[in-house]
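Q: Just so it is clear: in the sequence shown, position 363 is 364 by our numbering, and no numbers are missing.
Glycine is no exception: its CB is placed at the ideal position from the N, C-alpha and C atoms.
Mind looking over this structure? Questions follow.
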Amino acid sequence: MKDLNFKEKTNDELKEDILLSNRKQLTYIKESSFLIIFNSILLVKERLDKSKELDNIRNSDEFKAINICLNEIIDLITEIIELGLVQVKEEKISKLYINRKNINKLSSIVEGYYRELNYVTMIMDHYILKIHAERDYSDSKYSKSAVLELIDFINKKLDSVKDDYNKYIYIISQVISALPMRLVKDNYYNVLKKSIIRNFSNSTSFEVEKKIKDYKKIFDSSMFDGYGTKLDFYFREIQSLRNIDLANKDYDELKELVEASINLCEELLFLYNLLVELGVAVNMLIVINLIGEDLNSDEIEDIYYDWKELISDKSSIDDFIEKNKEKIESIELKMFEGLEVFYALNNEALGRKDFYFDELSMELEKTKKILTYYNDTEFNSEEILFLDDDNVVSTSFLEQASNSLIEYINRALTGMNNLERKIRMRNLLASIELPFSGIGEFFDYIEYSLDVKVSSKEMINLLIDYIYYVLDEI
Numbered sequence: 002m003k004d005l006n007f008k009e010k011t012n013d014e015l016k017e018d019i020l021l022s023n024r025k026q027l028t029y030i031k032e033s034s035f036l037i038i039f040n041s042i043l044l045v046k047e048r049l050d051k052s053k054e055l056d057n058i059r060n061s062d063e064f065k066a067i068n069i070c071l072n073e074i075i076d077l078i079t080e081i082i083e084l085g086l087v088q089v090k091e092e093k094i095s096k097l098y099i100n101r102k103n104i105n106k107l108s109s110i111v112e113g114y115y116r117e118l119n120y121v122t123m124i125m126d127h128y129i130l131k132i133h134a135e136r137d138y139s140d141s142k143y144s145k146s147a148v149l150e151l152i153d154f155i156n157k158k159l160d161s162v163k164d165d166y167n168k169y170i171y172i173i174s175q176v177i178s179a180l181p182m183r184l185v186k187d188n189y190y191n192v193l194k195k196s197i198i199r200n201f202s203n204s205t206s207f208e209v210e211k212k213i214k215d216y217k218k219i220f221d222s223s224m225f226d227g228y229g230t231k232l233d234f235y236f237r238e239i240q241s242l243r244n245i246d247l248a249n250k251d252y253d254e255l256k257e258l259v260e261a262s263i264n265l266c267e268e269l270l271f272l273y274n275l276l277v278e279l280g281v282a283v284n285m286l287i288v289i290n291l292i293g294e295d296l297n298s299d300e301i302e303d304i305y306y307d308w309k310e311l312i313s314d315k316s317s318i319d320d321f322i323e324k325n326k327e328k329i330e331s332i333e334l335k336m337f338e339g340l341e342v343f344y345a346l347n348n349e350a351l352g353r354k355d356f357y358f359d360e361l362s363m364e365l366e367k368t369k370k371i372l373t374y375y376n377d378t379e380f381n382s383e384e385i386l387f388l389d390d391d392n393v394v395s396t397s398f399l400e401q402a403s404n405s406l407i408e409y410i411n412r413a414l415t416g417m418n419n420l421e422r423k424i425r426m427r428n429l430l431a432s433i434e435l436p437f438s439g440i441g442e443f444f445d446y447i448e449y450s451l452d453v454k455v456s457s458k459e460m461i462n463l464l465i466d467y468i469y470y471v472l473d474e475i
């Protein structure tokens, strides 16, 4: 960034430059938001019209509601571009926030179905592995040295990727996912609590609350509000699969059930991604409304009319979407370059004892709110979205957060059989980054989990082979 002689500017000049830089950022955000809406709506509309993954719910009230919401968004973006924001009725803007809440609730329910169906599949896999172990490893012998050799292999594998954090934690997660859960409840809770306090010691309340909510969903989504109230087809299918006596099924029957479960999972994941895409379009409309300015770009207006034709004639959208993505990337690069100037101006202002931010605070707070919606690509709930994202949490806050998770798990465990408890506990443990105090504790966990006193020799040997296979692929 070139030297802009910030130090020579008066406070008033600096203030004006900060406001000008902020307005430029808002213009970039506005233009990018329009382009994101065009892409999101085309993708959602094509999937709603053509995708076989949605055939099971095409006659449902929820499918009709999604279509209504989509058409309302198309009508609203048309009004904003062709008539201007000032002509849009206030109730249509208010409806945006209602639609956002409804889409978020439905996406949360779909995510819950997906996670719970995954647990059904994991239980099926448990019985398949049991049959596989008894059939193919009945003549195998237990060898402590084989376990120690595996641990040495894992250690070397981790050492080889120590400079790639994501691969490192992925390897640990994969190993935990393969091992039987052998921690007693108190020890398990202790590992969870220590891991959360360590992992989030430099995090904001937004990051902590979001992650704790994710952990709760990972462990048991069926306890979240709305579960079982929408999309009856999937709820019934999951309950039907849950009620099957898997212990009496043979290998081929179990494989068929797994295939059916996976197909349903794929449908739910497809629907979830569609809802998030629709939610992102709503976010961008909220951004445009909060900025409060009309489009004012001939280039994007031309793109809009091309988009409008694609909406009605249903021709191929791929080229349009790719070109739009390139334009979005170009705009976001300008945003990034502009941010460097903005931060430099802001830092200069912060370094002056006689500079007062009072006149800027309202404008900058508005921009922060706009950016919150713009950057919300995961489509979080409003409840999570506007938590404090500036200040680092205290140890006391982290203890309360981890206790909240433990209490939730305790409630969820009530009524579960032993197998389901262990599978859910293992899955959550595998979802936590580096869930042990050190690498030695992790290796101790592996050794204990593969001890013949707590697992059969057949299952131990199968799991050793499986872990080698999985890690060889990394």
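Check Val288 in the structure and name its three-state DSSP category.
A: Three-state result, Val288: helix.
Q: Cα-Cα, which of Ser146, Tyr128, Ser33 is closest to Glu257?
A: Checking every option, the nearest Cα to that of Glu257 belongs to Tyr128.
Q: Would you call Ile371 buried or exposed, if buried means 16 or more other Cβ atoms sit within 10 Å of its Cβ?
A: Buried: at least 16 other Cβ atoms inside 10 Å.
Q: Sort Ile287, Thr79, Leu365, Glu112 by Cα distance to Asp215 and report the nearest one.
A: Ranking Ile287, Thr79, Leu365, Glu112 by Cα distance to Asp215 puts Glu112 first.
Q: Given Ser108, which residues of its chain have a CB within under 7 Å of its CB, disregarding the five upstream and five downstream residues?
A: For Ser108, where only same-chain residues beyond five positions count, the Cβ hits under 7 Å are Tyr273, Leu276, Val277, Gly280, Phe380.
Q: Please state whether DSSP places Asp4 in a helix, a strand or coil.
A: Confidence at Asp4 is low in this model, with a pLDDT of 48, below 50, so the placement of that residue should be treated as unreliable; the coordinate-derived value is given next. Three-state DSSP puts Asp4 in coil, outside helix and strand.
Q: How would you write the range of the alpha helix (DSSP H) that Leu386 sits in, first residue to last?
A: Element bounds for Leu386: 383-386.
Q: For Tyr374 and Asn284, I'd like the C-alpha separation in whole angstroms.
A: So the alpha carbons of these two residues sit roughly 6 Å apart.
Q: Do you know offhand how far Met2's Cα is from Val342's?
A: Residue placement at Met2 is flagged as unreliable, the pLDDT there being 47, under the threshold of 50; a coordinate-derived value is accordingly withheld.
Q: Return the CA-CA distance between Asp4 and Glu364, expressed in angstroms with no decimal places.
A: Here the model assigns Asp4 a pLDDT of 48, short of 50, so the residue's position is not dependable and the matter cannot be decided.
Q: Which value, in whole angstroms, describes the spacing of the CA atoms of Glu327 and Ala66?
A: Roughly 32 Å separates the two Cα atoms.
Q: Do Ser34 and Ile289 have their CB atoms nearer than 8 Å?
A: Result yes, Cβ atoms of Ser34 and Ile289 sit closer than 8 Å.
Q: Need the endpoints of the alpha helix (DSSP H) that Ser146 sits in, please.
A: That run of the alpha helix (DSSP H) goes 145-161.
Q: Just to confirm before moving on: does the CB-CB distance between Tyr228 and Ile78 stay below 8 Å?
A: No, they are not a contact pair.
Q: Is it true that the CB of Ile447 sits closer than 8 Å to the CB of Ile82?
A: Against a cut-off of 8 Å, the Cβ pair of Ile447 and Ile82 comes out as no contact.
Q: Does the region 245-262 come within contact of the region 35-55, defined as at least 3 CB pairs closer than 8 Å?
A: Contact fails: fewer than three Cβ-Cβ distances are below 8 Å.
Q: Could you work out which residue in Glu408, Ile69, Lys145 is closest to Ile461 when comparing CA atoms only?
A: Checking every option, the nearest Cα to that of Ile461 belongs to Lys145.
Q: Would you grab the beta carbon distance between Phe201 and Asp389 for me? Rounded to a whole angstrom, and I think it's under 8 Å.
A: Not confirmed; about 14 Å, so no contact.
Q: Report the three-state DSSP secondary structure of Thr378 (helix, strand or coil).
A: Correct three-state label for Thr378: coil.
Q: Could you check how far apart the C-beta atoms of Phe337 and Ser61 are, in whole angstroms? I think they sit under 8 Å.
A: Phe337 to Ser61, Cβ: 42 Å. No contact.
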